[in-house]
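Take a look at the structure below.
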Amino acid sequence: MRQLHRWKNWPVFQKQKQDGENHKMLTAILIGLILFTFALLVYSIATWAGVLSGSLKKWHLILFWIGFVADVSGTVTIGSVYGGFVMNTHSYLGAIALIVVLAQNIAATKILLDKNEKWITRFPKKVSLPVWVIWMVSYIAGLILSGGSH
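Quick note on the numbering used here: the sequence shown kicks off at 249 and runs consecutively.
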């Protein structure tokens, strides 16, 4: 994908946009935001259900993977609007959050497959909750920074 290096290349600043192009861009941004918010919902349900129940369950893991797919899909959708990804504070936070969530999901999968009782009970508070906090920092940063940092 083409990297955007100057703010004047951002689609929102190009003066010659046709209405159809603007509509497609706004639709893609809306779809991306819906996907991110859906990821927030399922990550939150899975994380807090695990914390409150005191154990990692299969349905938590399923929600973690669904959230990850929604998160990646939202990232790709938003990236397509800008013709690539600009590396900035939000991009770095988002990349870290995706990597941490992926690592969490892989670890949770292994723990449940191995039936590791010690980690089934530890996982929600020791892993899922900190990962959720990291992801929330990225989500909130996106809400705050996306208005002017793409």
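No residue lacks a Cβ here, since even glycine has one placed at the ideal position from N, Cα and C.
Thinking C-beta only, is M273 closer than 9 Å to V329?
-> yes
Under 8 Å Cβ to Cβ from N353, same chain only, skipping five residues before and after it: list those, please.
-> L309, F312, W313, F316
Could you have a look at M335 and say whether DSSP puts it in helix, strand or coil?
-> coil
Which of helix, strand or coil DSSP assigns to K305 | coil
Kindly indicate the opening and closing residues of the alpha helix (DSSP H) around K366.
-> 365-371
Within its chain, find whatever has a CB closer than 7 Å to the CB of D362; leave out the 5 residues flanking it on each side and keep chain order.
-> none
State yes or no: is the C-beta of T295 within less than 9 Å of the C-beta of V379?
-> yes
Distance between I326 and T357 (C-alpha atoms, nearest Å) = 28 Å
State the Cα-Cα distance for the pair E269 and V324, rounded to the nearest angstrom.
-> 18 Å
Might you give, ordered along the chain, the residues of its own chain that have their beta carbon closer than 7 Å to the beta carbon of A297, omitting 5 neighbours on each side?
-> H308
Kindly indicate which residue of K373, L281, L393 has the alpha-carbon position closest to the one of S301.
-> K373
To the nearest angstrom, how far is it from the Cα of Y291 to the Cα of A351?
-> 14 Å
Under the three-state DSSP convention, the category Y330 falls into = coil
Reduced DSSP secondary structure (H/G/I, E/B, other) of S394 = coil
Cβ-Cβ separation, L346 to V320 (assumed contact under 8 Å), whole Å | 7 Å
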